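If you're matching positions, the sequence shown starts at 210 in my numbering and goes up one per residue. Glycine is no exception: its CB is placed at the ideal position from the N, C-alpha and C atoms. Since we're looking at a predicted model, the values are computed, not measured. Notes follow once the structure below has been shown.
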Amino acid sequence: MKVTKNDYLSTQGFDVMLYDSRYHPVFVDQKNTAMEMILHDQRIATNGDVRLMPTPEQWDLVATLKARHAEQANNRLTADLAFPTFGLSYTLEVAAEPGGVRVSVNLDKPLPPKLAGRAGFNLELLPSIYMGKAYLVDGTKAGIFPRTPDDPMIKVLPLPDEPKKAYYLEDWDKAKGYTQPLPFAEGRSITLGVDDALARVSVKSDTADLMLFDGRDRAQNGWFVLRSLIPAGKTKDAIVWHIRPDVIPNWTRPPMIAHSQVGYAPDFSKVAVLELDPKYKAPKTAKVLRLMEDGSYKQVFEGPITPAKPWLRYVYSKFDFTPVKDPGLYVIEYADQRTAPFPISHDVYARIWQDSLDHHLAEQMDHVSVREGYRMWHGASHLDDGRMAPVVGEQFDGWYQATATDGKYKGGDHIPGMNVGGWYDAGDFDLEEPAQLSVIQSLALAYREFNLKYDELTVNETSREVEMHRPDGMPDTVEQVKHGALYILAQFDNIGHAIRGTHEPDLRQYTQVGDGASKTDGRIYDPKLGPNEVKGDYSGKPDDRWIFTTNNPYFQWNAIAALAAAADTLKGYDDALAKDCLDTAIKAWSEEKSHPTQSPASGGLGPGAGVLAASQGTVGGAPKRQGSSGAPAGSAGNSAAPAPPASFRRSGFGVGVDWPAALELTIATHGAEPYKSRLKELFPQMITPQQMEFRGWSAVRALPYLDASAKDQMREAVKTYMAGLDKKLDATPFGVPPSLGTWGGSGAVVDMAIRMYFLHKTFPDIVGPEYTLRAVNYILGTHPVSSTSYVAGVGTVSKTKTYSNNRADNSYIPGAVIPGYIIIKPDFPECIDDFGFLWFEDEAVVAGSANWVVAGNAAEAIVNGSK
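Take a look at the structure:
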């Protein structure tokens, strides 16, 4: 193995990285740091480092990285690390040796006695690769990696002077009982994946026994852990492992044919992208075969592929088969690879969004039960919402409560009327305010732009019941907008302003998967009652979710926009509620103009906050920027927090923070003042090149209310924008924004589809339809790593294991749009198909699904408009 120019050890078929990524400052363990191994282009192992537990969980203590080094002359990687509280400092070294690598841990001084039997070197192994596969210990003792964890558990109490954890972590540890599993295999040498030529690795320890643990004994998202304890009294070579991958000689990764899993429209561009190993001897042509009625394949087209261009660790060529136009079923054949069948048809985009609206968004509805045929997705949940967050400061996941009082409420008080409407944000059960505001605006836009009268749900807010596949005469977009509006109205009615959101009070609830109705007892907490005492609708169980009442200008203005959009959508279906929404929005506008909401004194985004703030996309005018988590603009995430003015100024979002409210109120009031004048005032700022990339496109919706010259101004702005766009999109072989952060970037691509549709509709001579269709086809399979559709259940081959609230079943919610690939630094794109526990690749947020409803209808409208 050699140290590459990118500072990791590599040989054909095997790579080892060392601390190219650090543990996240808030989420901590994301399963993508420390020592990592890639074998036959699968990331088989991660988190190789000293740990104090056999199977540590997400927030458990990790070492502090002080420095890392890559020595090309010696083909060696080193990292200098420490556990300062325990006086433990050491160097982790990974050095090339014949057949693989030598891994060693070298302590600066002998292990402190209190860490004897606790500190060990861990390496975590991906369960989806190894479960059901064979292992061999010391050459004679055979076993099978279990599919279901069932190991004996023991209690491992914290050390007396262990660093004090945050209160919520202390409570969580107590609730779980401080348990750890015993190993299910032990010896001096272990061969992993004996029966799998692609995953076979041998590990030999010179210093202490190797032990195999099952991290799933503690949590469903756990991995298998290979571990050796650090012997007492040793410093140099306290741990020595020899890792020998069984690399297939001259192995090259098979070609991956990225294409749309739902197919293509006859009269539009059809381009597949071939992802190729640089060492692969690639044929120069590809073919299209038609699947005939008798099951045979008939070649109908053969064409050249473009010269390969490098990007990250692979090279990419394109195969243009646009001349194939006859309706039917087809496959692409390249080298020895053949895709799954896909159609060419005028209606390929007609149903790509329905599961997102009527399954994912429906299943995520809070405060109601959701039924599908025989299946109850969940009961009526969180009917005991909620208590004002009793803490001042930061909670887990970046949530922040700025003050101990808000109006007539103080921390711990029950706030009545908050148990209505809203959607679970993602794989957890938060009601994220940016998500609620974005979903309302996106679905309202879809309903009005596409006359979206689709009806497959029955929604009864009075009885708190939702049923799928049962039309009730009201469009589903309208019912969903109403459901979100009820939650936002409750905030203004009961608190007086928009809020941060509603969040679990402890990690025991936060980490729960399954039925949201089982998370709380549904009864309002009464501190006067005993812990197990129940009295009518009250109980002594403090399980009610916390309402974080912290507000900021972004929340307030987008809440006004959401209510105005809801009012315009609900007209004719629920006129009384429409009036309530509009009246509340108008009143809030006036109050905000006379007494502007100030940003919280916390000084910024809670850690990880930019992930969700970015995920809401451009429909609602939400900030789309690089968040503190490093998530790319438009990416999806599971936390958010107040955005300070400084971050707005840096990203350009401090400009016209009231733009979405002015736009929606102008539309809802048919051009009334003062909203129309504010639109006119903000218009020049919105169509700058920076704003055009984010919210500026929505200015096309303002044109009917502005002077005739506004369209000419915007035309020139769009010309300027388009002049530089293609160069930016050429950053990847896929012609869409790249995913370069710690969260997959599918949200930015969906945003692109929406943005370019509206620009194309208004300025078709400047913006062609291919941008929207390219973005939609990307989500549906034309992307890196695999051609799996990122929309669960949509397309011939789609993601079917997602980080949704049913992830413990290794299943998915139809219509969930996953974040997609990320870059395992420095250059390995990854999105694992058969594993749903990597939230940065697999967690679908409701804002993403709502945006996909808009994007899917946009693609369908483009195709229909060409007929």
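Delimiting residues of the alpha helix (DSSP H) encompassing residue i
i            : result
residue 708  : It is not in any alpha helix (DSSP H) - residue 708 carries neither H nor E in the DSSP assignment.
residue 678  : Neither: residue 678 is in no alpha helix (DSSP H) and is coded neither H nor E.
residue 1073 : 1055-1074
residue 376  : 376-385
residue 969  : 955-971
residue 648  : 642-659
residue 933  : 918-938
residue 875  : 868-877
residue 764  : 762-779
residue 975  : Residue 975 -> no alpha helix (DSSP H), and no H or E assigned at all.
residue 986  : 979-988
residue 914  : Run containing residue 914: none; DSSP gives neither H nor E here.
residue 520  : No alpha helix (DSSP H) contains residue 520, which is instead part of the beta strand (DSSP E) from 518-520.
Neighbour-count burial assignment, residue i, 16 or more Cβ in a 10 Å radius
i            : result
residue 849  : With a pLDDT of 31 at residue 849, under the threshold of 50, the modelled position of that residue is not reliable, and the figure given next carries that caveat. The residue is buried, with at least 16 neighbouring Cβ atoms inside 10 Å.
residue 224  : buried
residue 366  : exposed
residue 905  : buried
residue 260  : buried
residue 861  : Only weak support exists for where residue 861 lies, its pLDDT of 44 falling under 50; the value from the coordinates is given anyway. The residue is buried, with at least 16 neighbouring Cβ atoms inside 10 Å.
residue 941  : buried
residue 584  : exposed
residue 210  : buried
residue 816  : For residue 816, the predicted model reports a pLDDT of 31, less than 50, meaning its position is unreliable and no value from the coordinates is stated.
residue 601  : exposed
residue 741  : exposed
residue 501  : exposed
residue 728  : buried
residue 1114 : Outside the shown range of the chain, which is 210 to 1076, sits residue 1114, and nothing can be said about it.
residue 238  : buried
residue 582  : exposed
residue 318  : exposed
First through last residue of the beta strand (DSSP E) which encompasses residue i
i            : result
residue 433  : 433-438
residue 251  : 251-260
residue 451  : 448-454
residue 537  : 537-543
residue 344  : 343-346
residue 1038 : 1037-1039
DSSP beta-bridge partners of residue i
i           : result
residue 615 : 618
residue 561 : Answer by DSSP bridge pairing: none, since residue 561 is not bridged.
residue 701 : None, per the DSSP bridge assignment.
residue 267 : None; residue 267 has no bridge partner.
residue 289 : 276 and 300
residue 580 : 585 and 676
Beta-carbon spacing of residue i, residue j below 7 Å
i            : j            : result
residue 302  : residue 313  : yes
residue 714  : residue 734  : no
residue 701  : residue 759  : no
residue 232  : residue 220  : no
residue 271  : residue 345  : no
residue 877  : residue 777  : yes
residue 621  : residue 599  : yes
residue 774  : residue 650  : yes
residue 472  : residue 561  : no
residue 1042 : residue 1011 : no
residue 895  : residue 908  : yes
residue 993  : residue 215  : no
residue 888  : residue 875  : yes
(request) Check whether the segment 651-659 touches the segment 620-631, counting contact only when three or more Cβ pairs, one atom from each stretch, lie closer than 8 Å. (result) no
(message) Across the segment 381-400 and the segment 417-431, are there enough close Cβ pairs to call them in contact, namely three or more that are closer than 8 Å?
(response) yes
(message) Could you check whether the segment 947-956 touches the segment 1029-1038, counting it as contact only if at least three pairs of C-beta atoms, one from each stretch, sit closer than 8 Å?
(response) yes
(message) Taking 8 Å as the cut-off, does the segment 603-612 touch the segment 1058-1075 (at least 3 CB pairs, one atom from each stretch)?
(response) no
(request) For the segment 329-337 and the segment 384-394, state whether three or more C-beta atom pairs, one from each stretch, are separated by less than 8 Å. (result) no
(request) Inspect the CB distances between the segment 1012-1022 and the segment 711-727 and report whether three or more fall short of 8 Å. (result) yes
(message) Using a Cβ distance threshold of 8 Å, determine whether the segment 343-355 contacts the segment 444-453, with at least three qualifying pairs required.
(response) Because the criterion of three Cβ pairs below 8 Å is not met, the segment 343-355 and the segment 444-453 do not touch.
(request) Determine contact between the segment 426-446 and the segment 399-416, defined as no fewer than three beta-carbon pairs at a distance below 8 Å. (result) yes
(message) Measuring CB atoms only, is the segment 528-548 touching the segment 468-483, in the sense that at least three cross pairs come out at less than 8 Å?
(response) yes
(request) Please confirm if the segment 541-551 is in contact with the segment 560-568, defined as three or more CB-CB distances below 8 Å between the two stretches. (result) no
(message) Taking 8 Å as the cut-off, does the segment 290-300 touch the segment 246-254 (at least 3 CB pairs, one atom from each stretch)?
(response) Result no; under three Cβ-Cβ pairs closer than 8 Å.
(request) Count the CB pairs spanning the segment 455-465 and the segment 354-364 that are closer than 8 Å, and state whether there are at least three. (result) no
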